[in-house]
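Colleague: Protein chains in written order, with our numbering: chain Y, 1 to 128; chain A, 1001 to 1137; chain L, 2001 to 2290.
So that we are looking at the same thing, I have put the structure below in structure tokens.
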Amino acid sequence: MGPFLLVTIQIDLYDRLALTLENDLINMVSQTGARGVLIDISAVSIVDSFMGRILGNIASMSRIMDAETVVVGMQPAVAITLVELGLTLQGVYTALNVEKGMELLNTKLGDNLELDDDEEEDQDDRND
Amino acid sequence: MIVMTKDTMEIVREQDVVPFRNRVREFGTRIGMSLVNQTKLITAASELVRNMLKYASGGRVILEVISHNAKTGIRLTFQDEGPGIADIAMAMRDGFSTGRSLGLGLPGAKRLVNEFDLKSNPGVGTTVTVIHWKHGR
Amino acid sequence: MNTTAQVLEKNKERILEKWMQNQLSDAALRDDLMTNDELQRQSREMLDGLLRAVSKGNYDNIYDTEFEQVTDTLRDISITRARQGFSPRETGAYVLSLKQAVIEVLVEQRKDDTSMLYQEIMQLNNLLDNLSILTFETFIKGREEVILRQTDEISEISTPVIRVWDGILALPIIGTLDSARTQVVMENLLQEIVNTGSNIAILDISGVPAVDSLVAQHLIKTVSATRLMGAECIISGIRAEIAQTIVHLGIDLSNIKTKASLASALHLAFSMTNLEVRRTERNKGLKLMR
Ligand SMILES: Nc1ncnc2c1ncn2[C@@H]1O[C@H](COP(=O)(O)OP(=O)(O)OP(=O)(O)O)[C@@H](O)[C@H]1O
Ligand SMILES: [Mg+2]
Chain Y
1 MGPFLLVTIQ IDLYDRLALT LENDLINMVS QTGARGVLID ISAVSIVDSF MGRILGNIAS
61 MSRIMDAETV VVGMQPAVAI TLVELGLTLQ GVYTALNVEK GMELLNTKLG DNLELDDDEE
121 EDQDDRND
Chain A
1001 MIVMTKDTME IVREQDVVPF RNRVREFGTR IGMSLVNQTK LITAASELVR NMLKYASGGR
1061 VILEVISHNA KTGIRLTFQD EGPGIADIAM AMRDGFSTGR SLGLGLPGAK RLVNEFDLKS
1121 NPGVGTTVTV IHWKHGR
Chain L
2001 MNTTAQVLEK NKERILEKWM QNQLSDAALR DDLMTNDELQ RQSREMLDGL LRAVSKGNYD
2061 NIYDTEFEQV TDTLRDISIT RARQGFSPRE TGAYVLSLKQ AVIEVLVEQR KDDTSMLYQE
2121 IMQLNNLLDN LSILTFETFI KGREEVILRQ TDEISEISTP VIRVWDGILA LPIIGTLDSA
2181 RTQVVMENLL QEIVNTGSNI AILDISGVPA VDSLVAQHLI KTVSATRLMG AECIISGIRA
2241 EIAQTIVHLG IDLSNIKTKA SLASALHLAF SMTNLEVRRT ERNKGLKLMR
């Protein structure tokens, strides 16, 4: 099992910075062969559709490279707002905090190692 | 309707988005708007300035603290001189986008605020006005 | 001949006296809520403002600037009275008894010129009626504010988040779920998920009288928000008739874990967190000892 990458977003990113993050992160996944990416957004107070799309992109791109993405630490106000906006981060796993995100990645990857063809079970807990 | 505070911000580059959002937050904090309502308003505002930058290469926002019928709230007016929107009903639909995007910005912003008004003249520009009350209703 | 405004100004003290009499003779007035001195002071201020506005010759538009002081004072009085629990009658009587006093004085002063009197009464009637409408409007607004605050308090009290197990929260919802209530439920639930680090939340709707598509939408939103936070949501307390309406309305809850009772939801929560609850042998011993 490869290592996990942990990214903590500390400030409200403007667009170019967010795109840079997407780019850098995918390169890191490719270089390190990481099997899991944790994005800690507990310090992010606003997630609009642009930011939401970046998170979704990172998850989709990582999956193609055989890594799973977990977004952790979303603030309650952000979650409530995203639901109203209509953005439910399809295909992205979520966890309460980094520790729980790590646990989730371990189970997901453990499952995958044991029963490699059980993709459907796996999809169940992704947001949809 | 009484206007109590007024401010205008020019939005010309994507770097203007974050300071603008912070300004809206300042207004919200000043009138004692709850965190969830601030987050909803700022997210809606963020969608609308992004549209302004993406489709009209910028514009300006008027920020106002208003009072009406014993309620206090924030009114934001987004004005641009861009291409305008020909079919407003279509643009307001979930999933409609000419920018190969999610098409969530306009309908999502409308769901997030208490009052939403969009006026547009093709070839002249677009004005979106939103109001969000301190208590979210 | 003197203008209406001049006549009124000259007889201000008499008007005030009559007005105070009218107010105080109203058997319904609650002197427990306000002292006579205060009433006198408030009334004088009001009359001063009114005469000043009338001296500009404006009898029609109470929204003009010269009436600002009058309408502000009136709004103030109405809102305060609404909050203090005055009745609508007591609040309305304030302006209406002023009308009576003004007209009485005018009748005395214009004995010889009835056509003038008629005209003046019509004008003042109109003006004071407008002011009394404003009083009622503001009064109702004041009551609405009180109701709104109480509603908030009720929804706050009626949505407790209970920690049923380490990592498992339960939230019994009693009464209808409208959008304002959903907001409170979501905020409380998500905050408690963060505070306790819980992975599972059970939303029990046994106490919700009916589920229509709007209520279902609110439930779905709550579940989605919970998932975004990284926790799972189970909805329990789905009675037979609720299941029926859900299907008849074509509401899709297939993505959501639902259970008939809180007990079975808890059971599911246990199995999701790999917990097992068993009766132990020791219980037998306890029973024998009784
Ligand atoms: N200020 C504007 N000037 C001109 N056209 C606009 C403006 N705002 C929106 N539009 C048009 O309305 C459409 C819908 O806007 P909306 O914000 O809902 O979606 P989007 O911007 O395409 O995608 P998303 O916001 O989800 O990234 C846009 O694709 C664009 O054609
Ligand atoms: Mg948009």
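In this text, a Cβ means the ideal position worked out from N, Cα and C, and glycines have one as well.
Which of the residues in the stretch 1023-1052 of chain A, read from start to end, lie with their CB under 7 angstroms from any CB of chain Y?
Modeller: The residues in question are 1035, 1036, 1039, 1040, 1042, 1043, 1046, 1047 and 1050.
Colleague: Would residue 1105(A) pass as an interface residue toward chain Y - the criterion being a Cβ-Cβ separation below 8 angstroms?
Modeller: Closer than 8 angstroms to some Cβ of chain Y, the Cβ of residue 1105(A) qualifies, so yes.
Colleague: So, is the C-beta of residue 123(Y) closer than 8 angstroms to a C-beta in chain L?
Modeller: Residue placement at residue 123(Y) is poorly supported in this model, since its pLDDT is 41, which falls under 50; the coordinates still yield a value, given next. Answer no: the Cβ-Cβ gap between residue 123(Y) and chain L never drops below 8 angstroms.
Colleague: Reducing DSSP to helix, strand and coil, say where residue 2271(L) ends up.
Modeller: Reduced to three states, the DSSP call for residue 2271(L) is helix.
Colleague: Rounded to whole angstroms, what is the Cα-Cα separation between residue 2023(L) and residue 2096(L)?
Modeller: If you take the alpha carbons of residue 2023(L) and residue 2096(L), they lie about 9 angstroms apart.
Colleague: Using the beta carbon as the reference atom, which residues fall closer than 5 angstroms to any heavy atom of ligand 2, ordered along the chain?
Modeller: For ligand 2, the selected residues are 1051(A) and 1105(A).
Colleague: So, residue 2129(L) versus residue 2172(L), is the Cβ gap smaller than 8 angstroms?
Modeller: In this structure, residue 2172(L) does not lie closer than 8 angstroms to residue 2129(L) by Cβ.
Colleague: So is residue 2056(L) buried or exposed if we call it buried at 16+ other beta carbons inside 10 Å?
Modeller: Classification of residue 2056(L): exposed, given that the 10 Å Cβ count is below 16.
Colleague: Just to confirm my understanding: we take residue 2258(L), look at its own chain, exclude 5 residues before and 5 after, and list those with CB closer than 8 angstroms. What are they?
Modeller: Within the same chain, residue 2258(L) has close Cβ partners 2234, 2235, 2236 and 2238.
Colleague: What number of angstroms, rounded off, separates the C-alpha of residue 2043(L) from the C-alpha of residue 2212(L)?
Modeller: Looking at the two C-alpha atoms, the distance is approximately 52 angstroms.
Colleague: Shortest alpha-carbon distance to residue 12(Y) belongs to which of 46(Y), 3(Y), 105(Y) and 42(Y)?
Modeller: Ranking 46(Y), 3(Y), 105(Y) and 42(Y) by Cα distance to residue 12(Y) puts 46(Y) first.
Colleague: Return no unless some Cβ of chain L is closer than 8 angstroms to the Cβ of residue 100(Y).
Modeller: Yes, contact with chain L.
Colleague: Just tell me which of 103(Y), 55(Y), 51(Y) and 58(Y) has its CA closest to the CA of residue 1105(A).
Modeller: Per the Cα distances, 51(Y).
Colleague: Determine, for residue 78(Y), whether the minimum Cβ-Cβ distance to residues of chain A falls below 8 angstroms.
Modeller: Output row for residue 78(Y): interface = yes.
Colleague: Which residues, in chain order, does the stretch 2133-2160 of chain L contribute to contact with chain A at a C-beta distance below 9 angstroms?
Modeller: Answer in chain order: 2138, 2141, 2142, 2144, 2145, 2148 and 2152.
Colleague: Residue 2154(L): buried (16+ other C-beta within 10 angstroms of its C-beta) or exposed?
Modeller: Burial call: exposed.
Colleague: Within the chosen definition, does the stretch 85-95 of chain Y reach the stretch 2219-2229 of chain L through at least 3 CB pairs nearer than 8 angstroms?
Modeller: The stretch 85-95 of chain Y, when compared against the stretch 2219-2229 of chain L, does touch it at the 8 angstroms Cβ threshold.
Colleague: Taking the straight line between their C-alpha atoms, what separation do you get for residue 1123(A) and residue 2240(L)?
Modeller: Near 57 angstroms, if we compare the C-alpha coordinates of residue 2240(L) and residue 1123(A).
Colleague: Please determine if the stretch 1047-1057 of chain A and the stretch 2003-2012 of chain L are in contact, where contact requires at least 3 C-beta pairs separated by less than 8 angstroms.
Modeller: The stretch 1047-1057 of chain A, when compared against the stretch 2003-2012 of chain L, does not touch it at the 8 angstroms Cβ threshold.
Colleague: Using a threshold of 8 angstroms, state whether the C-beta atoms of residue 1061(A) and residue 1002(A) are closer than that.
Modeller: No; because the gap between Cβ atoms is not below 8 angstroms, this pair is not in contact.
Colleague: For residue 2187(L), which residues in chain A fall below 8 angstroms Cβ to Cβ?
Modeller: Those within 8 angstroms of residue 2187(L) in chain A are 1036.
Colleague: Are the C-beta of residue 1089(A) and some C-beta of chain L separated by less than 8 angstroms?
Modeller: It does not: the Cβ of residue 1089(A) has no partner Cβ on chain L nearer than 8 angstroms.
Colleague: Does the stretch 91-108 of chain Y come into contact with the stretch 34-42 of chain Y, if we say contact requires no fewer than three beta-carbon pairs (one atom in each stretch) closer than 8 angstroms?
Modeller: The stretch 91-108 of chain Y is in contact with the stretch 34-42 of chain Y.
Colleague: Relative to the alpha-carbon of residue 70(Y), which residue among 109(Y), 19(Y) and 81(Y) has its alpha-carbon at the smallest distance?
Modeller: Comparing Cα positions, the closest option is 109(Y).
Colleague: Can you grab the Cα-Cα spacing for the pair residue 107(Y) / residue 2163(L), in whole Å?
Modeller: Cα to Cα, residue 107(Y) sits roughly 25 angstroms from residue 2163(L).
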